[in-house]
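To convert, count from 1 in the sequence shown and add 21; that's this note's numbering. Working notes, beginning with the structure itself.
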Amino acid sequence: MADSESTPAPSPAELARAFKAFKKRLKLTQLDFDSRIGASPLSGHASGIVAITPPNQYPRAVWDALVAQGKLKRTSQGQYELA
Numbered sequence: 022m023a024d025s026e027s028t029p030a031p032s033p034a035e036l037a038r039a040f041k042a043f044k045k046r047l048k049l050t051q052l053d054f055d056s057r058i059g060a061s062p063l064s065g066h067a068s069g070i071v072a073i074t075p076p077n078q079y080p081r082a083v084w085d086a087l088v089a090q091g092k093l094k095r096t097s098q099g100q101y102e103l104a
């Protein structure tokens with residue numbers, strides 16, 4: 022993987038911004054799913070959304086670094102979930 026060797030490691034500030042963006046996108050995706058027609062807020066069911074595709078504003082190296090830190094877990098098909 023010569024590509025990962027040529028890219029510099031993400032800065033801690035960039036990792037913090039990416040992690041915040043991930044959490045915000047996950048929350049909005051869950052709210053969107055829960056607000057669909059036919060979903061009752063009184064049913065007490067938690068959102069079925071636990072993993073999402075991360076925001077594309079950040080390179081894959083950022084997401085891999087967050088996985089290495091233990092903040093995210095990689096799931097199937099390029100999706101990530103909170104650890």
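Note that CB positions come from ideal geometry on N, CA and C, so glycine has one too.
TODO: Report yes if the CB atom of Ile70 is closer than 8 Å to the CB atom of Gln51, and no otherwise.
DONE: yes
Task: Secondary structure of Lys45, DSSP reduced to three states - done: helix
Open item on the list: Less than 7 Å separating the Cβ of Asp85 from some heavy atom of the ligand GTP?
Closed with: The model on display carries no ligand, and the ligand GTP is accordingly not part of it.
TODO: For Ala39, count neighbouring Cβ atoms within 10 angstroms of its own Cβ and tell me buried if that reaches 16, exposed if not.
DONE: buried
Open item on the list: Do Pro75 and Tyr101 have their beta-carbon atoms positioned less than 8 Å apart in this structure?
Closed with: yes
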